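Heads up: the structure comes next, in structure tokens.
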Amino acid sequence: MTDATLTTRKPFLGESQRNGLIAGGVLALFIAALVVATQTGTITRNDWTYKIFVDPFVSMVDMPDLLVQTVWEGFVAGVLYSLIALGFVLIFKASGVFNFAQGIMVVFAALSLVGFYEFLTLTLGMPAGFVAAIVAMAGAIGIMFVLAVAVERIVLRPLVNQPDIIMLMATVGLTYFLIGFGEYIFGGSPKVMITSQLGLPTGSTMLDFAGGRVNIQHLDLAAAIIAAVMIAVLGFFFQYTRIGRALRAVADSHKAALSVGISLNQIWVIVWFTAGIVALLTGIMWGARSDVSFALEIIALKALPVLIVGGFTSIPGAIVGGLIIGVGEKIGEFYWGPLLGGGIESWLAYIIALMFLMFRPQGLFGDKIIERI
Amino acid sequence: MKTTRLALGLGLGLVAGFAAVSPVGAQESINFVHNTYRTGAFSGSGIPVADGVRDYFTMLNNRDGGIGGVRINFEECETQYDTRRSVECWEQAKAKNSVVYVPWSTGAALATIPRAHIDKMPIFSMAYGLSAAAVGSTFPWVFNPPLTYWDGASVWIQYIAQREGGLANLRGKTIGLILLDAPFGREPIPVLEALAREHGFTLKTYPIPPAEMQNQSSTWLAIRRDRTDWVLVQGWGAMNPTAVREAGRTGFPRDKVIGIWWAGGDDDARPAGPDARGYLALSWHQVGTNFPVIQDIIRHVVDRGQSNTAREKIGENLYNRGVYQGILIAEAIRNAQRLTGKRVVTGEDVRRGFEVLNISAARWTELGAPDFAAPVALTCADHNGHHAAFVIQWDGTKWNRASDWIRPDRARIRPMLEEAARAYATSNAGWPARSETCDQPS
């Protein structure tokens, strides 16, 4: 064997695999040390090490039904976060703009739906029920289309080729406009979502599990199914249709897309309209869980950590990121929250996102940007 | 000659015009700048109370020409339940010589209390704000009747004891407090902790950050894990309807969930539909329109198209709370006019008016609100009164009274408040000793 062959031999494990193995070994050693320390009485129930590293896992084993319930609640919250993040991703992919207004679009879309329904049933005297709800839904979709056209004409078109920060500031302005306009049209009072009128299921099913019970809300189940269908449709739309390919071309380069005859304006309208429909569905699901009020806008900020985890440009990333944040924050709040006085989930999502940033700045599915000097 | 006549005519016309306008411009009025939040995350709670107060003063202006013949110049200052904006509203109220400042937020009350004695503008924080402000000797410029959050905590526990068959049966129980993670939410904790030690129950607190008001699933899972027997809700805005819904979703008995008086809005319970049936809250006044004062509001304000509230919402719980607040403030202004002999009173005068506030059952009747609420009386030493409250229950469509009057444990609460007031004065260097005279020594 020559020296040359020795130097080119590939190591048995890659660098990342080696690091993973070392981390796993350290973790296993730590767990073993904790088990021994707990068994020998070195760590007692009152020690903080026990409360942080042992007690939560003991609780998970002792009450598996609550663990399953927590994961389910996290999954449902994650699906809803994913829907919000999806709206951001669509617009970011097409225009490179972080759409600050996505949160208020959720509120605006939901208020439009409920407002339309009230107008149809109370003012026009249409019988309340499924038909009126579907007509109201069509009306709300129409409003989101008008909004998309207006945004493209009034906000985006004059700002073509402007720096991204200008576009971001324009969406901040759009947010405040929609808050004021929404309050002017619909008033500040919270509204009740027309859940049953839309045919969405209510009620729950109680499942016996490991000596306990797991409560599955039918609405949550419907939210998960609707979100899955929507993601599949969007995935098909962007992957296999002409408009989808055009959108991906625009996402890669505005100038190149323009040079081959793709209408930037048309694509922007389509993308903002699609984001509007996603916002409407998100508003229906969140609104059905509590009510439709301007407080919902704050929840949209949860999309930020989701996007950091999943990447700003990936639809699957928005889904996986949403689920990681949703399940992570619920587990964290439920098992570790009491140690910090509770109410930690509002910032825990950002801690999870920061941890991902440290190891994978582009997010799980984001495009790695390599800019050579 | 013609030109001279024309000029003379024009001149006379102008003078006559000014003469016609000037009495209106110079009309006496009392300014009242009122904080509201008709927008933002807490508008669901803010709108009905703001409408109640506004409609009451509009009714006084329309029916009686104001108070003591002086019109009330009622203005709103929008805060969005934001303390920074509320402090800006303080400056606006001061600039407009408002006779009272109504923060409608505990955070805003805490921020403005140190300014009241300097700017000579009394603060009226009705059943919210700093509980220790009940001690008039330390806080001569702050009034928080008819009861404090600490009294509310006492009423909560007494009601639970009634349902459990006595205070002794609280031993071993777990009582949870869901609270908005803000100064308002944390107010009742000291009393609940003291009562937990005394009666042997476990107190669990579940803070909800404002950003998570509509995302409470993990809180209600924790309630299930802790096998909580009763849940108390110190909530406001979108937090309340979400809490009621979550109680229904998780199957927690709604008749063991008791909101503070600010968690008892019709729109807190209604959105949950049948799931809200049985939900409880504290209150200290009646709901409905079956009172002459409410009928007057309908006749003089609503029927004239001057109200922001839909007719069917007149008389709801938080609307009537706004009316209740209006009645107390109007009575303080009347007292101030009587004490000073002035028609147009100032903030200093109204402070004195609050200190002699005394609305007996007979006076409630005179004010068009027989049996609307219990008598309320303040003194120079006691700016709260620690009055009784009762429990109301949602039947699926409206609130109904569900208990007798329950008096807070004044003997326990008052010394704690006085200690807290002393601690406040000590920790705020240079806090002035009371120098204001007392019109009604207690």
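Keeping their order, the protein sequence lines are chains G and L.
Each residue of the first sequence is one higher than the one before, starting from 459 at the first, in the numbering used here.
Each residue of the second sequence is one higher than the one before, starting from 105 at the first, in the numbering used here.
We put the CB at the ideal spot given by N, CA and C, even for glycine.
From a predicted model like this one, the values you see are computed outputs, not experimental measurements.
Proximity below 7 Å, CB of residue i to CB of residue j
i, j, result
"E316 of chain L", "S804 of chain G", "yes"
"A733 of chain G", "L548 of chain G", "yes"
"F395 of chain L", "A473 of chain L", "yes"
"F228 of chain L", "V203 of chain L", "no"
"D285 of chain L", "P311 of chain L", "yes"
"T444 of chain L", "I418 of chain L", "no"
"T309 of chain L", "L336 of chain L", "no"
"D223 of chain L", "P512 of chain L", "no"
"I728 of chain G", "A707 of chain G", "no"
"A525 of chain L", "V239 of chain L", "yes"
"A680 of chain G", "L658 of chain G", "yes"
"D330 of chain L", "K277 of chain L", "no"
"W503 of chain L", "V361 of chain L", "no"
"D400 of chain L", "M163 of chain L", "yes"
"G420 of chain G", "F823 of chain G", "Residue 420 of chain G falls outside the range modelled here, since chain G spans only 459 to 831, and no answer is possible."
Contact belief for residue i with residue j at Cβ below 8 Å, rounded distance in angstroms
i, j, result
"G536 of chain G", "L781 of chain G", "4 Å"
"V480 of chain L", "L461 of chain L", "7 Å"
"S539 of chain L", "E531 of chain G", "With a Cβ gap of about 57 Å, S539 of chain L and E531 of chain G do not count as contacting."
"A380 of chain L", "R358 of chain L", "7 Å"
"S149 of chain L", "G369 of chain L", "6 Å"
"Y428 of chain L", "A477 of chain L", "6 Å"
Same chain, Cβ closer than 6 Å to residue i, five either side skipped, listed in chain order
i, result
"W730 of chain G", "A606 and V609"
"Y528 of chain L", "A236"
"H349 of chain L", "With the sequence shown as reference, residue 349 of chain L is identified as Arg, and His is not the correct amino acid for it. Within the same chain, R349 of chain L has close Cβ partners A376."
"V484 of chain G", "none"
"Y793 of chain G", "P514"
"T653 of chain G", "A746"
"I542 of chain G", "T740, A758 and A761"
"G129 of chain L", "Legend: pLDDT at G129 of chain L = 45, less than 50; position of this residue unreliable, value from coordinates given subsequently. So the list is empty, once near-sequence residues are dropped."
"A737 of chain G", "G545, M563, V564 and A567"
"F470 of chain G", "none"
"G790 of chain G", "L806"
Residues near residue i by beta carbon distance below 7 Å, same chain, minus five either side
i, result
"E182 of chain L", "T140, Y141, R142 and T143"
"Q262 of chain L", "I510"
"R671 of chain G", "D523, M664 and L665"
"R415 of chain L", "V406"
"A437 of chain L", "Here residue 437 of chain L is Ile; the residue named in the question, Ala, does not match the sequence. The answer, listed in chain order, is I134, I171, V203, V449, V454 and G457."
"G799 of chain G", "none"
"R514 of chain L", "H490"
"Q318 of chain L", "A342 and T346"
"Y539 of chain G", "K760, A761, V764, G780, I783 and G784"
"L296 of chain L", "A257, L281 and L307"
"A832 of chain G", "Residue numbering for chain G in the displayed model covers 459 to 831; residue 832 of chain G lies beyond these limits and cannot be assessed."
"G661 of chain G", "H676"
"I766 of chain G", "A811, F814, L815 and G821"
Environment of residue i [buried if 16+ CB atoms lie within 10 Å]
i, result
"Q184 of chain L", "buried"
"S190 of chain L", "buried"
"I510 of chain G", "exposed"
"K760 of chain G", "buried"
"G534 of chain L", "exposed"
"P519 of chain L", "exposed"
"P796 of chain G", "buried"
"V125 of chain L", "Residue placement at V125 of chain L cannot be trusted, given a pLDDT of 47 that sits under 50; what the coordinates show is reported in the next sentence. Exposed, because fewer than 16 other Cβ atoms sit within 10 Å of the Cβ of V125 of chain L."
"L234 of chain L", "buried"
"I623 of chain G", "exposed"
"K200 of chain L", "exposed"
"G775 of chain G", "buried"
"G269 of chain L", "exposed"
"Q320 of chain L", "buried"
"Y160 of chain L", "buried"
"I756 of chain G", "buried"
Residues near residue i by beta carbon distance below 8 Å, same chain, minus five either side
i, result
"H221 of chain L", "P244, W245 and P536"
- So does the stretch 743–763 of chain G actually touch the stretch 142–152 of chain L, counting three or more Cβ pairs closer than 8 Å? Touching, yes, given that three or more Cβ pairs across the two stretches are closer than 8 Å.
- Message: Would you call the stretch 414–426 of chain L in contact with the stretch 154–162 of chain L, where contact means no fewer than 3 C-beta pairs closer than 8 Å?
- Response: Yes: the two stretches touch, three or more of their Cβ pairs being nearer than 8 Å.
- State whether the stretch 474–493 of chain L contacts the stretch 239–258 of chain L, with contact taken as three or more CB pairs (one from each stretch) at a distance under 8 Å. Touching, per the Cβ criterion.
- Are the stretch 289–307 of chain L and the stretch 376–388 of chain L touching by the rule of at least three beta carbon pairs closer than 8 Å? Contact fails between the stretch 289–307 of chain L and the stretch 376–388 of chain L, because fewer than three Cβ pairs, one in each stretch, are under 8 Å apart.
- Contact the stretch 573–581 of chain G vs the stretch 681–694 of chain G: 3+ CB pairs below 8 Å: With the cut-off at 8 Å, the stretch 573–581 of chain G and the stretch 681–694 of chain G do not touch.
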